[in-house]
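Reminder that position 274 of the sequence shown reads as 315 in the working numbering, one-by-one numbering, no gaps. All C-beta atoms, glycine included, are put in the ideal place defined by N, C-alpha and C. Note that the structure is a prediction, hence the values are computed from the model and not measured.
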Amino acid sequence: MVQGPEDLVRRYLQERKASGYAVRSLEAYTRSLTVFLKFLTDREIDSLSEVTPRDVSDFQSETMRREGPRGAPLMTTTQAHLLGDVRSFFRYLVRRGYLLIDPTQGLVLPRYKHRPPEHVLDLGEVKRLLSAPDVRKGRGIRDRAILELLYSTGLRVSELVGLDVADLTLPEEELVVRRGKGGKYRRLPIGTVACRWLKRYLDDVRPLWLKRPSEAALFLSAWGRRLHKYNLQQAVKGYGKAAKIVAPVTPHAIRHAFATHLLRAGASIRHIQELLGHKSLSTTQIYTKVEISELKQVHRRYHPRGR
């Protein structure tokens, strides 16, 4: 029977991978649990059944004192993610019957505030960004389809590069995200303009780049492999510069613009939450804070006693 902490961590990560968790999430879990296993080793704790609530409390205290790569204390968000990953691991152990008692049951994670984005792309900037790729070339057609899809759906970069051709249903203007954050599945509408560029990419570019008939990925590199998120991020950054947008442009900035523009047009915050795939409404409410900050600027500028 599997008993060692390392074996249990390995099994936990394997199950998460099989459940469709994103690579980035698995890497984060691995880092967090590696830190925790070292803590146990330093305390000469050989079995997870020996871990007590006091050990968990001490680990939290150590986490608060822990320093990051540059010598500064860990950010509250980093502390919360690290402790949350450990708590999720112990909950898994109890569910699977490896442990009878969860020592993290009384663990209270540090609270942190989601920051609104410093700059939200306005409609003019988005239009310039979408028009930046040179659509006389195959890469430009692919990248125009990518930018249109990002702005049309608010997809995370990992979700976009993880899409397969089978995830699209262009006649119905829909797509499915099978492996969203936390392994969540969701169905999304696609705008008509984005569908038009996707069809052009699928008809005119992807067949020329396809090297293996079995390749399922929607977006390919010129070498016929699934597009890597780093290359996508660099491409978006480059198009932001070409569009003469001062603030750095990332796929996440496009996601922010998608949500903010929907909110400005009157969309329900609940609907935006579903579109973005947020587990908690509090995460989505970051966009309402952006709106409030803009209202404050207008108030200060135009109200007789606003200054």
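(request) Specify the secondary structure class of LEU315 as computed by DSSP and reduced to three states. (result) Counting from one through the sequence shown, the residue named residue 315 turns up at place 274. As written in the sequence, residue 315 is Glu, which differs from the Leu given in the question. Residue state, collapsed to three classes: helix.
(request) State the CB to CB distance for the pair LEU89 and LEU140, rounded to an integer number of angstroms; the pair is presumed to be in contact (CB under 8 Å). (result) For the purposes of this step, residue 89 is taken as residue 48 along the sequence shown, with counting starting at 1. For the purposes of this step, residue 140 is taken as residue 99 along the sequence shown, with counting starting at 1. A Cβ-Cβ separation of about 6 Å places LEU89 in contact with LEU140 under the 8 Å criterion.
(request) Starting from LEU170, trace the alpha helix (DSSP H) both ways and give me its first and last residue. (result) Along the sequence shown, read from residue 1 onward, the residue named residue 170 stands at position 129. For LEU170, the uninterrupted alpha helix (DSSP H) run begins and ends at 164–171, by DSSP.
(request) With PRO230 as the anchor, note down where its beta strand (DSSP E) starts and where it stops. (result) Here residue 230 is taken as the residue at index 189 of the sequence shown, counted from 1. Per DSSP, PRO230 belongs to the beta strand (DSSP E) from 227–230.
(request) Would you be able to state if there are at least three C-beta pairs under 8 Å between the stretch 196–211 and the stretch 278–286? (result) Too few Cβ pairs lie closer than 8 Å, so no.
(message) If I measure Cβ to Cβ from ILE295 and keep anything under 6 Å in the same chain, skipping five residues before and after, which residues do I get?
(response) Numbered from its first residue, the sequence shown carries residue 295 at position 254. Answer for ILE295: LEU191 and TYR192, listed in chain order.
(request) Flag this pair as yes or no: are the beta carbons of LEU164 and HIS302 separated by less than 8 Å? (result) Counted from its first residue, the sequence shown places residue 164 at position 123. Counted from its first residue, the sequence shown places residue 302 at position 261. The answer is yes: Cβ separation under 8 Å.
(request) Identify, in the order they occur along the chain, each residue of the same chain with its Cβ nearer than 6 Å to the Cβ of GLY181, setting aside the five sequence neighbours on each side. (result) Here residue 181 refers to the residue found at position 140 of the sequence shown. PRO174 and ASP175.
(request) Examine the Cβ distances between the stretch 311–319 and the stretch 224–240 and report whether three or more of them are shorter than 8 Å. (result) Cβ pair count under 8 Å is three or more, so yes.
(request) Assuming THR71 and LEU54 form a contact by the criterion Cβ under 8 Å, report the distance between their Cβ atoms to the nearest whole angstrom. (result) Mapped onto the sequence shown, residue 71 falls at position 30. Mapped onto the sequence shown, residue 54 falls at position 13. Indeed, because the Cβ distance is near 6 Å, the residues count as touching under 8 Å.
(message) Please classify VAL43 as buried or exposed, where buried requires at least 16 neighbouring CB atoms within 10 angstroms.
(response) On the sequence shown, position 2 is the one that residue 43 refers to. At VAL43 the pLDDT is 48, less than 50, meaning the model places this residue with poor confidence and gives no usable figure here.
(message) I'd like to confirm the pairing. Which residues does DSSP put opposite VAL217 in its beta bridges?
(response) The sequence position of residue 217 within the sequence shown is 176, counting from 1. ARG228.
(request) Classify THR210 as helix, strand or coil using the three-state DSSP reduction. (result) Walking along the sequence shown from the start, residue 210 turns up at place 169. DSSP places THR210 in strand when its eight states are reduced to three.
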